[in-house]
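Colleague: If you read the sequences in order, they're chains A and B.
Note that our numbering has the first sequence beginning at 1, numbered continuously upward.
Note that our numbering has the second sequence beginning at 1001, numbered continuously upward.
We treat Cβ as the ideally placed atom computed from N, Cα and C, and that holds for glycine.
If you're wondering where the values come from, they're calculated on a predicted model, not measured in any experiment.
First the structure, which I've put down as structure tokens, then a few questions once you've had a look.
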Amino acid sequence: MPMAAKTVVPFSVPYSLHTIENGMRVVLSEDHSVPVVAVVVLYDVGARNEPPGRTGFAHLFEHMMFQGSANVKKGEFYTFVEDNGGVLNGMTSNDFTIYFEVMPSNQLELALWLEADRMRSLQVNQENLDNQREVVKEEKRLRVDNQPFSYARGILLYELAYDNFANAHSVIGSMEDLDAATLEDVQRFFRTYYAPNNAVLAIAGDFDSEQALEWVRKHFGDIPPQEPPQPVDVSEPERTSEKRATYTDKLANLPAIAMAWKVPPRHSPERYALALLDRILFSGESARLHQRLVKREKSALGVSGGLEDRRGPGLFTTFVVFKPDRHFQQIEHSVTAEIEEVQQKGVTPRELQRAKNQLRAERYRGVWGGLYGLQTPLGRAMELAYHTLFDGDPALINTELQRYLEVTSEEVQEVAQRFLRRNNCTVLHILPGATGVEQ
Amino acid sequence: MSRADVITTPPPPSALRPLVLPTREEFTAADGLRVILVEDRRVPFVTLRLVVRAGSVHDPANLPGLAALTAHCLTQGTQKRKSFQFARAVEELGATLEAHANRDYSAVSATVLAENLTPLLKLMAETVMQPAFAPDEVELAKENTIQTLRYQRTQPTFLARERYAQVLFGNHPYSRIAPTEESVNAMTPDTLRQFHSSNYTPDNSLLVVVGAVEAEQLRKALDRVFAGWQPRGVTHESHEQPPSRERRTVHLVDRPGSVQVNLLIGHLAPRPNDPDFLALEVTNTALGGRAGSRLFMNVREQKGFAYDVGSHLSEHREASSFSMSAQVRPEVVGEAVEEMLKEVEVLRHKGITESELDSTKNYLNGTFSIRLSTQGGIAGEIVAIEMLELPRDSIETYRERVQSITLERIRQVVQRYLFPDRMAIVAVGEAERIQPLLEPFGEVEVRPAMM
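Next up, the structure:
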């Protein structure tokens, strides 16, 4: 049987890190195999920066970044990119806001000019603000309010599991807060967070580094830096007793259970063992929870979850949709029993090696459907940007794998004991409340 | 250039860098399995698709879902390994191996670290040649399929797609996007075995491999693992044509509690291998196939009716469809439908502009290069050629064919294929609230979501 890798082909991502005069960090990674270039701008702002009464702001702002700047009119950001053969998007999370363009490589300077123009001179007006507020409301209806399990699993679970408001509230936020946002609020948000010294620019693909750096200085160099924003307190008090809640989902016709345990931040030493425990419990059909709940006990339709690491304290989660003739106690008992098995007996060398091989392959495949694996310029640019902003070290794109490969069975057992304990757990029972449910 | 000019003027492109198209090597392995290989050594990784012309279109009329259940059960144990052993063997290689059926074919898709390709091929051959279809595994798969089916009925997107396919495709098998509880209950391990043995043969299949692998090494491994897999001369039935549409109709799926309306609006379109298809794709892209498109700029960016709005030209072998989609709040559903139909009407009267045509060509050719930047993207393009019966040089000629499309061609295909007054409008939402708003668009038929 294939166990430890025999002849591992060395693979590493070349990169260089620069800081230009206004404090913006720039990471470059050349690869000339396909005439495509990815440009990523990662801003150090996310839902974590929103105080009570201002939720949903970081995400609404992401929409505003496509609404026009001094030299790019409303709608033109899309057309400049797409008319020249590229694709683009933006994403907001608790930890960050990211924008990207993937372009034919001969349009790199255009992408840099576009990103620089909106960093320098975003123009927001009342009409666009009102319009995007409506678009965001539709986005919430689409993603959350009209989908079974979406609110309970994607919002409520986090509100219960985290104690610090900065971590607990959702990215989409409250529509009342969005309605209260004024043009002035939006302008202040822009000045505070969308400054070059609060951003990382990453470029990966088919380009010449020297030329690219010259273009970066030309377009971004004189955008003035701002006073760095106040650091956010994302610390979490330790949980000392189990927390339980029940929610009736009007759109669901099956019951489900969601569980979450608080775990340390992204860069802590324990995260490597937690990531392997994630693969052992969840990754693939041979994983423990799938085998137990879907195959042996035939009680669940699917099991998902695992390590969701954040720059601040993260969560380890489990989500199980199960058959209507089973009971919550039964499912919860099975999940807990499988975790206790790891806590008491550890994991086998064989499943640990399986998890390590899966992690090695995920680097190329990407974990979210292949979009961001290291085989694409976009995947490389994003990874480099994250490591630079969150960890202060782009070298991790190549060196971090070793940290995972060194994890021992004892370390996996130890993190299971320390973090997946009952008094660190939040349990949410989701009852089906759809009309016409057949029981 | 002054500083002000640098800031105000979009920079021109630098010299275009050549796109090296993937080089395909083709050979026959073992007893007649056609193989297409693209060597790609950028990462020590391999992506594989074993496609078998056995899709839901080949389901017997009384057993919708048979191709899907067969594909699912392929990976649930072989004659040599129980399902757990099989899954573990795959995952220990750092591999994924999954089988799914879509409309025209089934695909066993795999990815693997290059160093573990040979053992992965063995597992792939085992699943295709010697699946167990063990009674307990089939029973569990049936039970879970039925539960999943009930769960899908709570999802508005599923309900919209289901009704839309029924309306558009009539008696053609494309009208069914999911099995029924009756059909699943009627399936036995023998039904699956029979479907498998009459469809999963090398002459009905194709293996596409993209990744860090040498042709000679691959051929040797394939000769060994697929030895004994014999061609059987598979024949496929032909199907009744989908109905032609003479007028616009509205099909409402009543979903109490919906806070949005899911809309699908459209009709049939020519097949992907039709000479008109690409010109229609250009038209579709300008209308609703990208963020800068007319539908997006109007319905989302100007009106704020929807987060997600666009249009799509589906690619299926026997019949395709042109569809516009959006999810909107109930009170604006009438206005949203009106705007969407109006955009098609405007196309019919005025076509698209010269600059829209140029920019759409750039967009299609640019995103084509982006697709070719991943192994999965390359494999997908090759599978499409084979499964949709596209010209064999489609990849090589793609950019040139896009470039050659003229405004006159666009005018022709718009007149020939886009008819707002014959479209089917499917809406999933609260009937009571939205029915009056949809009545102006045609006769409204209402059905419940739960059946």
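1. At least one CB of chain B closer than 9 Å to the CB of Asp44(A): is that the case?
2. Let me check understanding here. Comparing Cα to Cα, which of Glu30(A), Val26(A) and Ala395(A) lies closest to Val41(A)?
3. Once the 5 residues before and after Glu351(A) are set aside, which same chain residues still bring their CB inside 7 Å of it?
4. According to DSSP, is Gly1288(B) part of a helix, a strand, or is it coil?
5. Quick check on this structure: which residue in Phe319(A), Glu50(A) and Gly346(A) has the alpha carbon closest to the alpha carbon of Val171(A)?
6. Spatial neighbours of Gln1423(B) within its chain, please: C-beta separation below 6 Å, excluding the five flanking residues on both sides.
7. Reducing DSSP to helix, strand and coil, say where Ser1244(B) ends up.
8. If you measure from the beta carbon of Gln375(A) to each beta carbon in chain B, is any gap under 9 Å?
9. To be precise: take each residue of the segment 1358-1370 of chain B, compare its Cβ to all Cβ atoms of chain A, and keep it if any distance is under 7 Å. Which residues remain?
10. Can you give the Cα-Cα distance for Val1057(B) and Arg1271(B), rounded to whole angstroms?
11. Would you check if the distance between the CB atom of Ala1101(B) and the CB atom of Ala1054(B) is smaller than 9 Å?
12. So if DSSP puts His1251(B) in a beta bridge, which residue, or which two residues, is it bridged to?
13. Taking the beta strand (DSSP E) that Leu1050(B) falls in, what are its first and last residues?
14. Contact defined as beta carbons within less than 8 Å: I believe Asn442(A) pairs with Glu227(A). What is the distance between those atoms, to the nearest angstrom?
15. Mind listing, in chain order, the continuous alpha helix (DSSP H) runs of no fewer than 4 residues lying wholly within the segment 1327-1376 of chain B?
16. My guess is that Ser121(A) and Ala199(A) are in contact by the Cβ rule of under 8 Å, so how many angstroms apart are they, rounded?
17. In the DSSP assignment, find the unbroken alpha helix (DSSP H) run with Arg1042(B) in it and report its ends.
18. Relative to the alpha-carbon of Met91(A), which residue among Ala152(A), Glu76(A) and Leu60(A) has its alpha-carbon at the smallest distance?
19. Take Ser268(A) and list the residues in its own chain whose beta-carbon comes closer than 6 Å to its own, dropping the five residues that flank it on each side.
20. With 8 Å as the limit, tell me which residues of the segment 155-184 of chain A have their beta carbon closer than that to any beta carbon of chain B; keep them in chain order.
21. Quick check on DSSP: helix, strand or coil for Glu115(A)?
22. So Asp206(A) contacts chain B; which residues on that side make the cut at Cβ distance below 8 Å?
23. Just how far apart, CA to CA, sit Phe1084(B) and Ala1141(B)?
24. Cα separation between Val1052(B) and Gln1076(B)?
25. Provide the residue span of the beta strand (DSSP E) that contains Met103(A), from first to last.
26. In the DSSP assignment, what residue or residues form a beta bridge with Gly306(A)?
27. Arg1003(B): which of Thr79(A), Phe220(A), Asn167(A) and Ala180(A) sits nearest, CA to CA?
28. Please say whether Ala260(A) and Thr336(A) have beta carbons closer to each other than 9 Å?
29. Check whether the Cβ atoms of Glu1430(B) and Val1250(B) sit closer than 9 Å, and answer yes or no.
30. Can you give me the C-alpha to C-alpha distance between Trp215(A) and Gln107(A), rounded to a whole angstrom?
31. Contact criterion: CB-CB distance below 9 Å. Does Leu1341(B) meet it with respect to chain A?
32. Less than 8 Å between the CB atoms is what I'm expecting for Tyr1174(B) and Phe1322(B), so what's the real figure, rounded?
33. Report the partner residues of Ile1265(B) according to the DSSP bridge assignment.
34. Does any C-beta atom of chain B lie closer than 9 Å to the C-beta of Ala434(A)?
35. Which value, in whole angstroms, describes the spacing of the CA atoms of Val427(A) and Thr248(A)?
36. Please work out which residues of its chain come closer than 6 Å, Cβ to Cβ, to Val347(A), disregarding the five sequence neighbours upstream and downstream, and give them in chain order.
Modeller: Let's see:
1. no
2. Val26(A)
3. Ile280
4. helix
5. Glu50(A)
6. Note on residue identity: the sequence assigns Met, not Gln, to residue 1423(B). Same-chain partners within the cutoff: Arg1248, Ile1265, Gly1266 and His1267.
7. coil
8. yes
9. Ser1359, Asn1362, Tyr1363, Asn1365, Gly1366, Thr1367, Ser1369 and Ile1370
10. 15 Å
11. yes
12. Val1426(B) and Glu1445(B)
13. Phe1045 to Val1052
14. Summary: the structure shown does not reach residue 442(A), with chain A confined to residues 1 through 439, and so no result is reported for it.
15. 1333-1350 and 1354-1371
16. Not really, about 15 Å apart at Cβ, beyond 8 Å.
17. Where Arg1042(B) is concerned, there is no enclosing alpha helix (DSSP H), given that its DSSP letter is neither H nor E.
18. Leu60(A)
19. none
20. none
21. helix
22. Arg1017
23. 14 Å
24. 18 Å
25. Thr97 to Pro104
26. Thr317(A)
27. Phe220(A)
28. no
29. no
30. 12 Å
31. no
32. Their Cβ separation, rounded to whole angstroms, is 14 Å, which puts Tyr1174(B) and Phe1322(B) out of contact at 8 Å.
33. Met1324(B) and Ile1425(B)
34. yes
35. 14 Å
36. Ile280, Ser409 and Val412
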